[in-house]
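Everything on this sheet refers to the single structure shown next.
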Amino acid sequence: MIRKSLFSLLGTLWAGAASADWALNMPRGVTELSAETYELHMMVFWWCVGIGVVVFGAMIISLFMHRKSKGVEPATFSHSTTAEVIWTALPVVILLAMALPAAETMIKLEDSRDPDISVVITAYQWKWHYKYQDEDIAFYSSLDRGSVEARPKNSGIDPFDVENFLLEVDRPLVVPKGAKVRLLITSSDVVHSWWVPDLAIKKDAVPGIINETWFRAEQTGTFRGQCTELCGKDHGYMPIVVEVVEPDAYLAWVETHQQDGERVAASQ
Amino acid sequence: MNDSTEKKPGNDSRSLTGKLLLLAAAMFGFGYLLVPLYDVFCEITGFGGRTNTVAESSQENPDFSRSIRVEFVTTVNEYAPWEFSADRDSMEVTPGKMYYATFTARNLTDDKKVAQAVPSVAPVSASGHFKKIECFCFTNQEFRANEERAMPLQFIVDPELPEFVDTITLQYTFYDTVRVSANDES
Amino acid sequence: MTTAVAEAQDAHDEHHGPEKGFRRWLFTTNHKDIGTLYLIFSLIMFFIGGTMALVIRSELMQPGLQFVHPEFFNSMTTMHALIMVFGAVMPAFVGLANWMIPMMIGAPDMALPRMNNWSFWILPVAFGILLSTLFMEGGAPAGGWTMYPPLILQTGDAFPFLIFSVHLMGISSIMGAINIIVTILNMRAPDMWLLKMPIFVWTWLITAYLLIAVMPVLAGAVTMLLTDQFFGTSFFLAAGGGDPVMFQHIFWFFGHPEVYIMILPAFGVVSEIIPTFSRKPLFGHDSMVYAASCIAFLSFIVWAHHMFTVGMPLSGQLFFMFATMLIAVPTGVKVFNWVATMWRGSMTFETPMLFALAFVFLFTIGGFSGLMLAIAPADIQYHDTYFVVAHFHYVLVPGSIFAIMAAAYYWLPKWTGHMYNESLGKLHFWLSTIFVNVTFFPMHFLGLAGMPRRIPDYSTQFADFNLIASIGALGFGISQLVFVYVLLTAKKGATATDRVWEAPKGLEWTVPSPAPYHTFDTPPKARIAEEAFE
Ligand code: HEM
Ligand SMILES: [Cu+2]
Ligand SMILES: [Cu+2]
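Chains as they are written, first to last, in the working numbering: chain A, 959 to 1226; chain B, 148 to 333; chain C, 27 to 560.
Below, the structure is given as structure tokens:
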């Protein structure tokens, strides 16, 4: 396995950072807010790069020019009010330039009015339970069998042979494209956290408390995430899969699942 | 502390040491003070979605121009042997008017049990505006073996509810008050 | 004040040299002995914690479980963090404070020598207890160093021992902090007025106040956990009307100042070293002091930036975002001042300087990721992923730990009277710097690509970067053996002069090398001593 991943490492190095499975950056995601989050992330990143160029640049110049081996006589200055005022005031301005767009996004994120669908998510050690508020659908969603079989120590199964190792569930959350989905998140035991990077949603599931958040996916597809709050031994084994489908497909899905919803609930 | 055996620090040192020890003790107390402070803070901001807000009166000025959807979510904690659900999943309410809702709980065991329902409201900005007049969550609920019981809730949504809220979710988590020993393998 | 100094001196006249054998170390009240004990203890903890890190990195080298079970993996992450934070970084700085503060301010010893002895000897007991939990029924604590309930209440037999050892660590830190404050405020040489104190002393003074302010809060929080578990209280249990989120608030009220407790003395060390090897006075001494105080103050009002995902009201999120971003301002002032100190200096690059320079570079990178984390909507994506792991390791390893290394190399000749092996020191530096980046830089990418922290196994798309990080970690671990070798052979080098370096400033360089068992039995004239170096 080591050889295999070393090999793939070399391969990807050649292929360059463009390679699809060698993600270097935050995904842009499939919601308006995930794109905004991504933009914020990139904006702050570029500010940091800019500041870094100036600071590290000055430092590097100094490291090469102002060394004793070049016979430099040390200067004796030890303060400069002008410089100090500038490098206190300028960062404040830059910070404001970052904070304002961030605040705008936060305000949008808070606005959960007019949802099309509400789903109650209850976290358990170590699986998720989804209940659609307006449909008669409720089910548990846990790690898929392929991963369950491969995960134990010395299972003899190479994770590279398992599709979506540790990121596949038996029953995904299905939602329609374009609909505003309100999530109500709580927990039955310890604190967990529900995260899907492509939706830019991460919210803690806290016992005794109901948390609210929402997303509106603008593309169909399968989006994967994981629990992100340490919740015990199988914390690494409670993935999240959200399938965004066309509205008709969603209706069809509701149709079939409403019928066996009872059965699923009873079998738990 | 142990001043006499300390290597004769001057009086200054001794009193400064005393003051610093006092400061440390005070900060330990402050840690505990954070508990009531936190409650006050939550009360004001609605932080944590905690709502034990009790309406002072059942009379408010109804605001007929708005209609708010109130949704009920019920959670049974840690596989406790209960059935617990709201009789209706949701209702449309007018802010300032009083409403009733009923929940049903059933003890699935053959023993006597005591339960406590813990309320929480989402979104956080609404929790201070959801006022309960009567609630089964105010006290512990005793259940006989296999007893099923309807439990009433009387509430008002405050007309001062922020404009940007159109749906309020009220959650009850149902706990066995005899605590499951945390050492149990779970 | 003068009486305090005089009285403390009397005490010292009673004995002149160290006792022999283990009694010297067990009963010592000498600040230099205690400093040495702290430093050695911290080094041992650094290796124990480091071994745990290598267990973690070995398991994460490839997808699939190879070596340990998930429960044990979680114990390793928990114990690694507790040991590194409370056992390695904090005691190392206390050790440096013990050794150097009296010598820097011209005091004969710490103000409360006996308390000093206790505050050290509590530590091995605390960590003995903590380490013994590895062998208990139910395993060592595995709920994370943040100890969030209700999960932490699922700990087995180890639980009360965890709480007890945290209490002991807290008591030790508080006693150490009190001692440092009293020493600094009451035992300075007559001419050393406050603003003239060396920056290392200043940053420690501020740190000590932070310690006294927040360690008791941590003690309170863990005591509440204890009573929730065993005595029927419900501070954090929703069932009894408590709130698990409240623990997070109290913990981070301690936790954020705690991270500054681990970095402020490092700022101090670096501010001592850069001027020495730039042969130029520290730029903006006073603004350094104000910046450090400002950071300390702000650190009390930013705690909830660790909790942007728990479900806070919008106003709370906005407040904590703005406050957190503000911390970047005084932090920036520090970095700019270091660069301005180097500017037009006459630099040489001995090992301490190399570590200090790497500190400035790499700590700043950690500061950048901190700034990114402060942006609340983006933090929703970063939180609890490897991006955060990368952030805090950049500020803690090439930050705090590099500063400790720099300090060790800087003052080692003063402690031993001999120059350490400079080539090996440089080798240690280059290996450490390369491997620290190989280890932690890829973690930024892992986090952005979606890998949560604290997981024992991961999906195959994360395999490559994890492999690189694991190789780096192994390399970093091995490189530290070079440091041990340098320490073991520290007395074999050339004899050190009293001033050791070409142009160091400060009273510690006016005493002989090695520093005699008792220094400054009569207070020096600080101003005169300083002028001697102009
Ligand atoms: C520019 C200054 C800094 C800023 C703006 C900053 C910001 C942050 C933020 C927002 C987080 C929370 C991330 C999350 O969990 O989502 C964080 C985590 C952390 N930071 Fe910093 N930070 C700064 C400097 C430091 C320094 C100097 C240290 C320590 C030497 C430090 C140590 C840590 C640690 C240990 C954590 C993670 C704690 C945990 O979750 O276990 N940070 N920082
Ligand atoms: Cu989890
Ligand atoms: Cu913080």
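Even for Gly, the Cβ is constructed at its ideal location relative to N, Cα and C.
query = Counting Cβ pairs, one atom from each stretch, are 3 or more of them under 8 Å apart for the stretch 115 to 123 of chain C and the stretch 68 to 77 of chain C?
reply = yes
(request) Rounded to whole angstroms, what's the CA-CA distance from F1014/A to G501/C? Just pull it up for me. (result) 26 Å
Original post:
Does any residue of chain A bring its CB to less than 9 Å from the CB of D210/B?
Top reply: no
Handout entry: Rounded Cβ spacing between A1158/A and L991/A (contact assumed at less than 8 Å)
Key = 6 Å
query: Is the stretch 1125 to 1139 of chain A in contact with the stretch 1196 to 1208 of chain A, if contact means three or more CB pairs nearer than 8 Å?
result: yes
query: Between which two residues does the beta strand (DSSP E) harbouring T104/C extend?
result: Segment 96 to 108 is the alpha helix (DSSP H) holding T104/C; no beta strand (DSSP E) there.
Would you say A346/B faces chain A, with C-beta separation under 9 Å as the test?
Nothing about residue 346/B can be read from this structure; chain B reaches only from 148 to 333.
N254/B (DSSP reduced to helix, strand or coil): strand
Here's a check: name, in chain order, each residue in its chain whose Cβ is nearer than 7 Å to the Cβ of A1060/A, leaving out the five neighbours to either side. L998
Requested in this report: Would you grab the beta carbon distance between S1070/A and P270/B for me? Rounded to a whole angstrom, and I think it's under 8 Å.
Outcome: 6 Å
Alpha-carbon spacing of A1175/A relative to P183/B, whole angstroms | 41 Å
Item to check | Burial state of T159/C (16 or more Cβ within 10 Å) | outcome: buried
So which residues of chain B does L1142/A contact, with C-beta pairs closer than 9 Å? E218, V220, A269, T316, Q318
**Message:** For P392/C and K306/C, what's the separation of their Cα atoms in angstroms?
**Reply:** The amino acid occupying residue 392/C in the given sequence is Gly; Pro does not appear at that position. Near 27 Å, if we compare the C-alpha coordinates of K306/C and G392/C.
- Hey, is D159/B's beta-carbon within less than 9 Å of any beta-carbon in chain C? yes
message = Using a strict less-than 5 Å threshold between each residue's beta carbon and the heavy atoms of ligand 2, what residues do you get?
response = H1150/A, C1185/A, C1189/A, H1193/A
Separation of G154/C from V328/C, as counted between CA atoms: 33 Å
Problem set entry | Reduced DSSP secondary structure (H/G/I, E/B, other) of C284/B | helix
- Message: Pop quiz: M1064/A and P403/C are said to be a contact at Cβ under 8 Å. What is the actual Cβ separation, rounded to whole angstroms?
- Response: 6 Å
#### Entry: Three-state secondary structure assigned by DSSP to N363/C
helix
Next item on the list: Check whether the Cβ of V1007/A sits closer than 8 Å to any heavy atom of ligand 3, and report yes or no.
Entry: no
Any beta carbon of chain C sitting closer than 9 Å to that of Y1195/A? yes
Please confirm if E997/A has its CB atom under 9 Å from at least one CB of chain F.
This model lacks chain F altogether, as its protein chains are A, B and C.
Minimum C-alpha distance to T995/A - residue among W456/C, H444/C, A400/C: A400/C
### Task
Please classify Y179/B: does DSSP put it in a helix, a strand, or coil?
helix
Could you check whether T521/C and S539/C sit closer than 9 Å to each other, using their CB atoms as the reference points? yes
To the nearest angstrom, how far is the alpha carbon of G246/C from that of F98/C? 28 Å
- prompt: Residues in the stretch 273 to 286 of chain C with C-beta within 9 Å of chain B's C-beta atoms, listed in sequence order?
  reply: H275, I276, F279, F280
- prompt: When the distance is taken between beta carbons, is L1125/A closer than 9 Å to V1199/A?
  reply: yes
Original post:
Of the choices P96/C, W437/C, L474/C, V208/C, whose alpha-carbon is the least far from that of T302/C?
Top reply: W437/C
Worksheet entry | Reduced DSSP category for A981/A - H, G, I as helix; E, B as strand; rest coil | coil
Burial state of N124/C (16 or more Cβ within 10 Å): buried
| task | Mind checking which residues open and close the beta strand (DSSP E) that includes W1086/A? | result | 1085 to 1090
Q) Which partner residues of A264/B appear in the DSSP bridge assignment? A) F321/B
query = Is any heavy atom in ligand 3 found nearer than 8 Å to the beta carbon of H282/C?
reply = yes
- CB contact below 9 Å: A265/C versus chain B: yes
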